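Convert by adding 60 to the 1-based position in the sequence shown; the result is the number in my numbering. Glycine included, every Cβ here is placed at the ideal spot set by N, Cα and C. Treat the numbers as computed from the prediction; the structure is a model and nothing was measured.
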Amino acid sequence: MLYALQTIPGLGELAWREAETHLPSGDGAGPRLVGLRAIPGRNDLVLLDHRGGAKPLLALRSSEDVFAVAARAFRVAPDERGLRQIYAAVRYGEAITATVDQWKRTAGTRQQGGTFRVIARTVGKQKFQRRDLGRAVADAIKDGWPGRWRMVEDEANLEVWATLVDQELVCALRLSDVTMRQRGKLRHLPASLRPALAAAMINLTDPDPDDVFVDPMAGAGTLLLERAAAGKFAEIHGGDVSSEALSAMQENLRGVGGKIHMSRWDARNLPFDDGEVDKVAVNLPFGKQVGAEARLPELYRESLSEIARILRPGGRFVALVGDPRTLESARAAAARALRPGPRHRVMLLGHTATICEFTRA
Ligand SMILES: C[S@@+](CC[C@H](N)C(=O)[O-])C[C@H]1O[C@@H](n2cnc3c(N)ncnc32)[C@H](O)[C@@H]1O
Numbered sequence: 061m062l063y064a065l066q067t068i069p070g071l072g073e074l075a076w077r078e079a080e081t082h083l084p085s086g087d088g089a090g091p092r093l094v095g096l097r098a099i100p101g102r103n104d105l106v107l108l109d110h111r112g113g114a115k116p117l118l119a120l121r122s123s124e125d126v127f128a129v130a131a132r133a134f135r136v137a138p139d140e141r142g143l144r145q146i147y148a149a150v151r152y153g154e155a156i157t158a159t160v161d162q163w164k165r166t167a168g169t170r171q172q173g174g175t176f177r178v179i180a181r182t183v184g185k186q187k188f189q190r191r192d193l194g195r196a197v198a199d200a201i202k203d204g205w206p207g208r209w210r211m212v213e214d215e216a217n218l219e220v221w222a223t224l225v226d227q228e229l230v231c232a233l234r235l236s237d238v239t240m241r242q243r244g245k246l247r248h249l250p251a252s253l254r255p256a257l258a259a260a261m262i263n264l265t266d267p268d269p270d271d272v273f274v275d276p277m278a279g280a281g282t283l284l285l286e287r288a289a290a291g292k293f294a295e296i297h298g299g300d301v302s303s304e305a306l307s308a309m310q311e312n313l314r315g316v317g318g319k320i321h322m323s324r325w326d327a328r329n330l331p332f333d334d335g336e337v338d339k340v341a342v343n344l345p346f347g348k349q350v351g352a353e354a355r356l357p358e359l360y361r362e363s364l365s366e367i368a369r370i371l372r373p374g375g376r377f378v379a380l381v382g383d384p385r386t387l388e389s390a391r392a393a394a395a396r397a398l399r400p401g402p403r404h405r406v407m408l409l410g411h412t413a414t415i416c417e418f419t420r421a
């Protein structure tokens, strides 16, 4: 069955990598990447073919939503004819019965039909409006889908997401609910990471059961929670200069098992011996958050030098920053043992941020 994973703009590739490594490969047939689509500033969509149910997809952590793709259309005309193509694709698509059944199994319902709403998105130059796309899809559902379907504005049983990217339509049924995106985190601070982004960063540290993991500026603890969720570890340590952050972190990690230590500390002077730590991930303060941009280069230099000191050779360091040039200057000046690896640009609330990978030489 064709599924779609939805994630933060820029994370599509990393969400696919997670799916590729974590989804069961059954009788030798693992998931297959069908395509990556960008809805600029909003989302990345990963289209993948996966045999079997939705459960392992719903357990992926660098995606925020999972969909079953009910219908697709290609070479959709940018005018009225396009709307007729969309109507036909959604009304008569071959995969509709199977995907509606998949949605029913995931939602735990046996009822034939119910209420639905359409979320319509368009990318590209069409002569029709987004709401025309929504109407074409809604008409096709009411006219042709198995069972009786009634459109509502809110609180629908079924959400149908119709995305037209240039000339290609992806019409998909939402299988996940809000818990996949929010992970039940209790307390949020203004600079808190979205869990899917934290999970993607954690995957880049190459989690290992023997890991001693550190987040030196852990805020509300999102990276710590995602490291704990990523599999076995030896120890997790998180700290922050702010006592408000420390109490949010402690609250959010309450009930998570294993050796997890949280402290109030200064990331420029960490309580670890040289080479004692295997993995570090951090969301560094950006200019707007700390309010004193002039001090950032100094803070980056001193904390990078400390991270290079505590990491063992071969250890991994993954950082999220607003301006990778400031990070690179700090590395070149004070932490040359951190060898730069790939970078990944993401969009967060209209701003770009960059995930930077390093390996300790
Ligand atoms: C961008 S936030 C981290 C957010 C965190 N990843 C989360 O999801 O909640 C940066 C954090 O760095 C902390 N911080 C700033 N300077 C620090 C320092 N010298 N030592 C330790 N923490 C520091 C701030 O208090 C803030 O909580």
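*Listed in chain order, which residues are found with a beta carbon closer than 5 Å to a heavy atom of ligand 1?*
Any residue whose Cβ sits closer than 5 Å to a heavy atom of ligand 1 makes the list: A251, S252, L253, M277, G279, A280, T282, D300, V301, S302, A305, D326, A327, N343, P345.
_Taking DSSP's pairing of strands, which residues face E336 in a bridge?_
Within the DSSP bridge table, the entry for E336 names no partner.
_Assigned exposure category for A421 - 16 Cβ within 10 Å defines buried_ = For A421, the number of other beta carbons within 10 angstroms of its own is below 16, and it is reported as exposed.
*Given 8 Å as the limit, is there contact between the segment 336 to 346 and the segment 275 to 289, that is, 3 or more CB pairs closer than that?*
With the rule of 3 Cβ pairs closer than 8 Å, the segment 336 to 346 counts as touching the segment 275 to 289.
*asked:* Is there a Cβ of chain B sitting closer than 8 Å to that of I415, yes or no?
replied: In the displayed structure, chain B is absent; only one protein chain is listed.
*By Cβ distance, which residues of its chain are closer than 6 Å to D326, with the 5 residues on each side in sequence left out?*
The answer, listed in chain order, is V301.
*Three-state secondary structure (DSSP) at L409?*
Coil, per DSSP.
*Exposed or buried, what is Y63 when buried is set at 16 or more other beta-carbons lying within 10 Å of its beta-carbon?*
Residue environment: Y63 is assigned as buried (16 or more neighbouring CB atoms within 10 Å of its CB, all protein chains considered).
*Grab the span of the alpha helix (DSSP H) containing M61 for me, first residue to last.*
That residue, M61, is in no alpha helix (DSSP H); it is neither H nor E in DSSP.
*asked:* With DSSP as the reference, identify every bridge partner of F293, one or two as the case may be.
replied: Answer by DSSP bridge pairing: none, since F293 is not bridged.
*Check whether the Cβ atoms of V183 and V150 lie closer than 8 Å to each other.*
Cβ distance not < 8 Å, so V183 and V150 don't count as in contact.
*Candidates W221, A155, V337: which alpha carbon is nearest R372's?*
The option with the nearest alpha carbon to R372 is V337.
*Just tell me which of R385, G101, L253, V212 has its CA closest to the CA of G410.*
Considering only alpha carbons, the answer is G101.
*With DSSP as the reference, label Q172 as helix, strand or coil.*
Of the three classes helix, strand and coil, the one that applies to Q172 here is coil, per DSSP.
*Local Cβ density within 10 Å of G351, reported as buried at 16 or more and exposed below that*: Low local confidence applies: a pLDDT of 48 at G351 is under 50, so the model's placement there is unreliable, with the coordinate-based value given in what follows. That one is exposed.
_From A114, R210, V129, V178, residue whose alpha carbon lies closest to that of G168_ = For G168, the nearest C-alpha among the options comes from A114.
*Who pairs with L313 in a beta bridge, going by DSSP?*
Looking at the DSSP assignment, L313 forms no beta bridge with any residue, so it has no partner.
*List the residues that DSSP assigns as beta-bridge partners of P269.*
Answer is none; P269 lacks a bridge partner.
*Pull up the distance between the alpha-carbon of V178 and that of A119, whole angstroms please.*
Between V178 and A119, the alpha-carbon positions lie close to 25 Å from each other.
*Of all the options V225, E215, R170, G173, which has the alpha carbon lying nearest to the alpha carbon of W186?*
A small fix is needed here, since residue 186 is Gln in this sequence, not Trp. Measuring from the Cα of Q186, the nearest candidate turns out to be V225.
*Round the Cβ separation of L108 and L65 to the nearest angstrom and send it over; I've been treating them as touching at under 8 Å.*
The distance from the Cβ of L108 to that of L65 is about 7 Å, consistent with a contact at the 8 Å cut-off.
*P384 and T414: beta carbons closer than 8 Å?*
Yes, these two residues count as a Cβ contact at 8 Å.
*Assign N329 to buried or exposed, taking buried as 16 or more other Cβ atoms, counted over all protein chains shown, within 10 Å of its Cβ.*
Flag for N329 reads exposed.
*Could you give the DSSP three-state label for H404: helix, strand or coil?*
DSSP, read as helix, strand or coil, puts H404 in strand.
*Distance between A89 and H297 (C-alpha atoms, nearest Å)*: Each residue's Cα considered, the two are about 38 Å apart.
_the segment 127 to 134 in contact with the segment 218 to 233 per 3-pair CB rule at 8 Å_ = The segment 127 to 134 is in contact with the segment 218 to 233.
*What span of residues does the alpha helix (DSSP H) with A83 cover, start to end?*
For the record, residue 83 in the displayed sequence is Leu; it is not Ala. Run containing L83: none; DSSP gives neither H nor E here.
*Under 6 Å Cβ to Cβ from A290, same chain only, skipping five residues before and after it: list those, please.*
For A290, where only same-chain residues beyond five positions count, the Cβ hits under 6 Å are I262, P267.
*asked:* Taking the alpha-carbon of E140 as reference, which of R361, L193, I370 has the nearest alpha-carbon?
replied: It is L193 whose Cα lies nearest to the Cα of E140.
*My guess is that R241 and F127 are in contact by the Cβ rule of under 8 Å, so how many angstroms apart are they, rounded?*
Not quite, the Cβ-Cβ distance comes to about 13 Å (not below 8 Å), so this is no contact.
*Give me whichever residues DSSP pairs with N103 in a beta bridge.*
Answer by DSSP bridge pairing, in chain order: I99.
*asked:* Residues in the same chain with beta-carbon distance under 7 Å from L313, minus the five sequence neighbours each way, listed in chain order, please.
replied: Contacts found: G281, L284, L285, I320, M322.
*Tell me which same chain residues have a C-beta within less than 6 Å of the C-beta of A98, skipping the five on either side of it?*
Its chain contains D104 as the residues whose beta carbon lies nearer than 6 Å to that of A98, once the 5 sequence neighbours on both sides are disregarded; these appear in chain order.
_Using the three-state DSSP reduction, which class does G351 fall into: helix, strand or coil?_
Bear in mind that the predicted position of G351 carries a pLDDT of just 48, short of 50, making it too unreliable to give a figure here.
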